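Under mature numbering (1 follows the signal peptide of the UniProt record, and there is no 0), read the sequence shown as residues -25 to -1, 1 to 365, first letter to last.
Glycine included, every Cβ here is placed at the ideal spot set by N, Cα and C.
Quick caveat: nothing in here was measured; it's all calculated off a predicted structure.
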Amino acid sequence: MRLVSVALLTSLAALLSTQVAQVRCLDMVIDNDFSSNSVTPLFPALANADVSLLAVTSVTGNTWNAQSVAHLRRYLQAAGTANNSDSQRAAQVKAISGANRALVRTPDSYEADAALTGRLRFAGAYRPFNATAEAQGADPSGDLQNNARVTLQGQERPGPLSGALQESANLYAPNFLVEKSREARAKNATFSIAAIGPLTNLALAQAQDPEFPKGVELWYQGGYLGTGLEAVLSVINSDYYVDLNTAIDPEAAKAVLRAPYARIVCVADFTSKIIASNDTLSRAAALSDSASDDQRYLARQISDPVEVGLPAWDDIGVALPIYPDLITKSIKVRLDVDARAGGPAYGKAFAWLDDLAPPGLQEVEFPLSINETRFFEIYVSAAQAFINPK
């Protein structure tokens, strides 16, 4: 009987080890172009005591940086209000403003390039200025000369800054990243950057310190390779299968992906197929009867989004550095980005097997699939830590 029990316990342990994603302890920065309804990528890092979230940085992409960092500050304010350890961690996180524009590309150059490159279904900050929509609180776009405007209204707008948000209000993301890389390298260590927006901040950090990449594990939500056919199969696909982060700042993407980072992982094509079910969203946004206004605000970011049914691009981009064993299949390639302005491939990534690649390219890990069931379990649990804290 004793031998049977030991065997049974051993089998159960083996089974559980395949089902439970293992957390790794790490220092981390999330770098993102925050926009409406983009709070959920923060939750896996904020809800995990094994993650030291050094800061969250903003960048221009989906909208201009000033609006992006305003969204971020509001999200952190709401996440930091519950009386539990997760919220206490959220209240200590810095929100640091980053690049206000891409290295080269602008709304005007995007329009000029369209004759050869075609158009993006969603062009983020490069969409035409829309005064009517912005007056109603929509994320700003166009009008580069006035890109510091913030249109958030009512409960969407951040309150007065205090604590870590006030302390970090005058910091600049590229400077902060350079400092953290130097600290990591001094300890013969690295920290992880979940870059789920354009790579402008990292490119500017590299320009300051060419040694910067050596202290960083880079997880980039970009570098899509197989989007050509997928993007023309339907109107929805033409929106979902686009490497927007690379297209917003091709020059930054090329500079960063050619640099000697300690590790580069491109979290790309497969994410466009992974969309939360209505049941998953309902469980993630479930509220208690005694929910606070901030908890209801966070729940609305999930249950009442501006755009319904988007893939979990950014959520996966943050989850994988924390739970890398979610990856079930991956390959290694040499990757580059076409940054020749005006050409038909401008802002697109290309890959080669190692023996066929041109010189000067870095090895990039390219996940092809993940454990989606376990990922969405993490997604729901992390959201509930702030929306319905126990």
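So, are the CB atoms of residue i and residue j less than 7 Å apart?
| i | j | result |
| --- | --- | --- |
| Tyr101 | Pro115 | no |
| Pro280 | Thr92 | no |
| Ala74 | Thr35 | yes |
| Ile211 | Gln270 | no |
| Ile249 | Ala287 | yes |
| Ala148 | Thr32 | yes |
| Phe104 | Gly117 | yes |
| Thr221 | Ile291 | no |
| Ile353 | Val26 | no |
| Gly203 | Thr165 | no |
| Ala20 | Gln67 | no |
| Ser167 | Met3 | yes |
| Ala251 | Ala22 | no |
| Arg309 | Ala332 | yes |
| Arg48 | Ala70 | yes |
| Pro16 | Asp289 | yes |
| Ser305 | Glu282 | no |
| Leu51 | Ala65 | yes |
Would you report the Cα separation of residue i and residue j, rounded to the nearest angstrom?
| i | j | result |
| --- | --- | --- |
| Asn176 | Leu232 | 13 Å |
| Arg275 | Ala260 | 7 Å |
| Pro185 | Arg157 | 11 Å |
| Ala54 | Ala159 | 28 Å |
| Ser60 | Ala45 | 24 Å |
| Thr(-16) | Ile223 | At Thr(-16), the pLDDT of 39 sits below 50, so the modelled position is not reliable and the matter cannot be decided from this model. |
| residue 389 | Glu86 | The question about residue 389 has no answer, for the chain in this structure spans -25 to 365. |
| Gly201 | Val14 | 28 Å |
| Pro188 | Glu131 | 35 Å |
| Thr(-8) | Thr303 | Only weak support exists for where Thr(-8) lies, its pLDDT of 44 falling under 50; the value from the coordinates is given anyway. Distance between the alpha carbons of Thr(-8) and Thr303: 11 Å. |
| Ser143 | Arg258 | 33 Å |
| Asp330 | Asp311 | 15 Å |
| Val(-22) | Thr255 | In this predicted model, Val(-22) has a pLDDT of only 39, less than 50, meaning its place in the structure is not dependable enough to derive any value. |
| Pro364 | Gly322 | 42 Å |
| Val217 | Phe9 | 18 Å |
| Ala41 | Gly134 | 15 Å |
| Ile171 | Gln63 | 24 Å |
| Leu(-14) | Pro342 | Low confidence applies to Leu(-14): its pLDDT is 38, below 50, so where it sits in the model is not reliable, and the reading given next is rough at best. Those two C-alpha atoms are separated by around 28 Å. |
| Leu119 | Val153 | 27 Å |
| Glu226 | Ser213 | 23 Å |
| Ala24 | Ile277 | 23 Å |
| Val125 | Ala113 | 9 Å |
| Gln337 | Pro235 | 7 Å |
| Ala294 | Leu29 | 16 Å |
| Leu179 | Pro173 | 12 Å |
| Ser72 | Asn145 | 8 Å |
| Ala358 | Ile5 | 17 Å |
| Gln111 | Asn121 | 18 Å |
| Ser84 | Lys307 | 33 Å |
| Asn163 | Leu273 | 39 Å |
| Asn150 | Leu1 | 21 Å |
| Ala123 | Glu109 | 13 Å |
| Asn12 | Asn58 | 23 Å |
| Gly317 | Gln181 | 25 Å |
| Ser265 | Gly284 | 28 Å |
| Phe18 | Leu127 | 22 Å |
| Glu205 | Ser356 | 32 Å |
| Leu(-10) | Leu262 | Confidence in Leu(-10) is poor, its pLDDT being 42 and thus under 50, which makes the residue's placement too unreliable to answer from. |
Please name the residue or residues paired with residue i in a DSSP beta bridge.
| i | result |
| --- | --- |
| Val31 | Ile5, Ala70 |
| Glu338 | Arg309 |
| Arg238 | Glu192 |
| Gly304 | As written in the sequence, residue 304 is Lys, which differs from the Gly given in the question. Answer is Ser344. |
| Phe361 | Note: Phe361 sits in no beta bridge, so no partner. |
| Ala326 | Leu310 |
| Tyr147 | Ser72 |
| Val26 | Leu1 |
Using a Cβ-Cβ distance under 7 Å, would residue i count as near chain D?
| i | result |
| --- | --- |
| Ile250 | Reference to chain D is not applicable here, since this structure consists of a single protein chain. |
Pairing CB atoms from the stretch 194 to 203 with CB atoms from the stretch 235 to 248, are three or more of them under 8 Å? yes
Contiguous beta strand (DSSP E) assignments of at least 3 residues, all confined to the stretch 154 to 225: Counting only unbroken stretches of 3 or more residues, the beta strand (DSSP E) elements lying wholly within the stretch 154 to 225 are 166 to 170, 191 to 195, in sequence order.
Could you tell me whether the stretch 347 to 356 touches the stretch 318 to 332, using the rule of 3 or more Cβ pairs below 8 Å? No, the stretch 347 to 356 is not in contact with the stretch 318 to 332.
Of all the alpha helix (DSSP H) runs that stay within the bounds of the stretch 256 to 282, which reach a length of 4 or more residues? 268 to 278
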